[in-house]
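A.B. asks: If you count by the working numbering, then the sequence shown holds residues 36 to 150, one letter each, in order.
Note that CB positions come from ideal geometry on N, CA and C, so glycine has one too.
My structure is below; once you've seen it, I'll send some questions.
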Amino acid sequence: MQGKKVIAHNGNVANAYTDTQMATGLLDYAHTLVHIINTNTSGDDGTVQYKVFVTPDSEQSSIDWNARVSGQTITAGGTAIHKFTDAWDGVKVQLRNNASGTVCQTKVYITRKPR
36 MQGKKVIAHN
46 GNVANAYTDT
56 QMATGLLDYA
66 HTLVHIINTN
76 TSGDDGTVQY
86 KVFVTPDSEQ
96 SSIDWNARVS
106 GQTITAGGTA
116 IHKFTDAWDG
126 VKVQLRNNAS
136 GTVCQTKVYI
146 TRKPR
């Protein structure tokens, strides 16, 4: 994380399905990144599907996970980085284990690059 400042962190989530809401109030979206780390070590049970929304309240209950239209997956041990292309007031990350619904360890944090 050298050269970047961590501005929000969810700890280490251990749920088969979870919502992580971080209302940071930051509008400097051009320098802001959301990192999602799948800390499972192996197997399909460690595959995480995630979606990132612009505001903490957006699309809370209208997600079709099976369609995977806007969701992306992270295999065990992998990392995804979401870069915002528009202004935002906060972020909501929704995670789900793609496989059998077993516990999935996932870390989410937000960083801001120096100008």
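Quick one: give me the first and last residue of the beta strand (DSSP E) that Ala151 is part of.
C.D. replies: Missing from the structure shown is residue 151; the chain here goes from 36 to 150 and no further.
A.B. asks: Assuming Thr146 is part of the beta strand (DSSP E), what are its boundary residues?
C.D. replies: For the purposes of this step, residue 146 is identified with residue 111 of the sequence shown, where counting begins at 1. Taken as a continuous stretch (DSSP letters only), the beta strand (DSSP E) holding Thr146 covers 140–147.
A.B. asks: Who are the near neighbours of Lys118 in its chain, counting only those whose CB is closer than 6 Å to its CB and skipping five residues on each side?
C.D. replies: Within the sequence shown, the letter at position 83 stands for residue 118. Excluding residues within five positions, the ones whose Cβ falls inside 6 Å are Leu68.
A.B. asks: Report back the beta-carbon spacing between Ile109 and Tyr85 to the nearest angstrom; my notes put them in contact at under 8 Å.
C.D. replies: Locating residue 109 in the sequence shown gives position 74, counting from the first residue. Locating residue 85 in the sequence shown gives position 50, counting from the first residue. Right, the Cβ-Cβ distance comes to about 7 Å (below 8 Å), so this counts as a contact.
A.B. asks: Quick check: what's the CA-CA separation for Ala111 versus Asn73?
C.D. replies: Taking the sequence shown and counting its residues from 1, one reaches residue 111 at position 76. Taking the sequence shown and counting its residues from 1, one reaches residue 73 at position 38. The straight-line gap from Cα to Cα measures roughly 6 Å.
A.B. asks: Ile71 and Thr114 - do their beta-carbons sit closer together than 8 Å?
C.D. replies: Translated into positions along the sequence shown, residue 114 becomes position 79. Translated into positions along the sequence shown, residue 71 becomes position 36. Yes, these two residues count as a Cβ contact at 8 Å.
A.B. asks: Could you spell out where the beta strand (DSSP E) holding Thr108 opens and where it closes?
C.D. replies: Position 73 of the sequence shown, counting from 1, holds the residue named residue 108. Thr108 -> beta strand (DSSP E) spans 107–109.
A.B. asks: May I ask you to list the residues that DSSP assigns as paired with Asn73?
C.D. replies: Counted from its first residue, the sequence shown places residue 73 at position 38. Its beta-bridge partners are Thr141.
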